[in-house]
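Trainee: Pasting in a structure now, in structure tokens, and then I'll have a few things to ask.
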Amino acid sequence: MHELFEIFRSLTKNLDQFTIDHGSTTYAILMTIIFCETGLVVMPFLPGDSLLFAAGAVASRGFLSPLPLALGLVAAAVLGDTVNYHAGKIMGPRVMKSETSRWFNKKHLEKTHRFFVKYGGKTIILARFVPIVRTFAPFVAGAGAMSYRHFILFNIIGAVAWVSLMLGSGWMLGQVPFVKEHFEVIVVGIVFVSVLPMLVEWLRTRGEKETEPATLPKA
């Protein structure tokens, strides 16, 4: 895990040099991080949006080939969610019933379950843009929220949309002087913006819980 963090730190600090040092291995490194972030439910803390943006910036400066990069990252995202789905199918029912778990944050699982209740199958697509939920959504889907036939379709659509948007943003802005000079700040900003939907959802849910006792007598 420490090595993954160091790799990401190098990417944000000196993208071009990192790619020069690692060559074609960079593709495998980026794909591995995206796979782990989406496929291993115990690693929701790994970078997703910001890493894709950084990869797009590298490609815009000619150090990575955009098409193989995009295809590889989409494949990693699809495969990650697929592995996560089957993990949920095997372990999910037991984990969801358990009040405590050594490896899984029950609050994150419950939050993701609420997303499914509200958005249905679209959760798999929307979750791609919401950190934490992105990692737990396929697990909850496998635990019984969705059949695999429906899941794989939403999985592919979500992966293509997520990678295209984030990678494309990095590609378009990667050569802008201001972006190059303030890249670390911009990456932190992307992380903050990507967390906002989750924060808003948490505040909204908290507000509903606080008003719920007052509405019960009317019911």
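Converting from the sequence shown to our numbering requires adding 4 to each position, the first position being numbered 1.
From the three backbone atoms N, C-alpha and C, an ideal C-beta is built for every residue, glycine too.
Treat the numbers as computed from the prediction; the structure is a model and nothing was measured.
Which runs of the alpha helix (DSSP H), 4 residues or longer, sit entirely within the segment 113 to 171?
Mentor: Listed in chain order, they are 127 to 130 and 137 to 144.
Trainee: For K222, is the classification buried or exposed, using 16 other Cβ atoms within 10 angstroms of its Cβ as the cut-off for buried?
Mentor: Confidence in K222 is poor, its pLDDT being 43 and thus under 50, which makes the residue's placement unreliable; the coordinate value appears in the next sentence. By the neighbour-count rule (16 or more Cβ atoms within 10 Å), K222 is not buried but exposed.
Trainee: State the Cα-Cα distance for the pair H154 and T29, rounded to the nearest angstrom.
Mentor: 34 angstroms
Trainee: Under a Cβ-count criterion, where at least 16 other Cβ atoms within 10 Å of its own Cβ denotes burial, should V167 be classed as buried or exposed?
Mentor: buried
Trainee: Do P51 and G92 have their C-beta atoms closer together than 8 angstroms?
Mentor: No, these two residues do not count as a Cβ contact at 8 angstroms.
Trainee: Since V62 is in the alpha helix (DSSP H), which residue starts that stretch and which ends it?
Mentor: D53 to S64
Trainee: Nearest to R132 by alpha carbon, out of A63, A59, A165 and Y123?
Mentor: Ranking the options by Cα distance to R132, first place goes to A165.
Trainee: Span of the alpha helix (DSSP H) holding G43?
Mentor: T29 to G43
Trainee: Mind checking whether A80 and L171 have CB atoms under 8 angstroms apart?
Mentor: no
Trainee: Leaving aside the five residues before and after M150 along the sequence, list all residues of the same chain whose C-beta is less than 7 angstroms from its C-beta, in chain order.
Mentor: G125
Trainee: Check each candidate in I33, A63 and V137 and name the one with the smallest Cα separation from M47.
Mentor: V137
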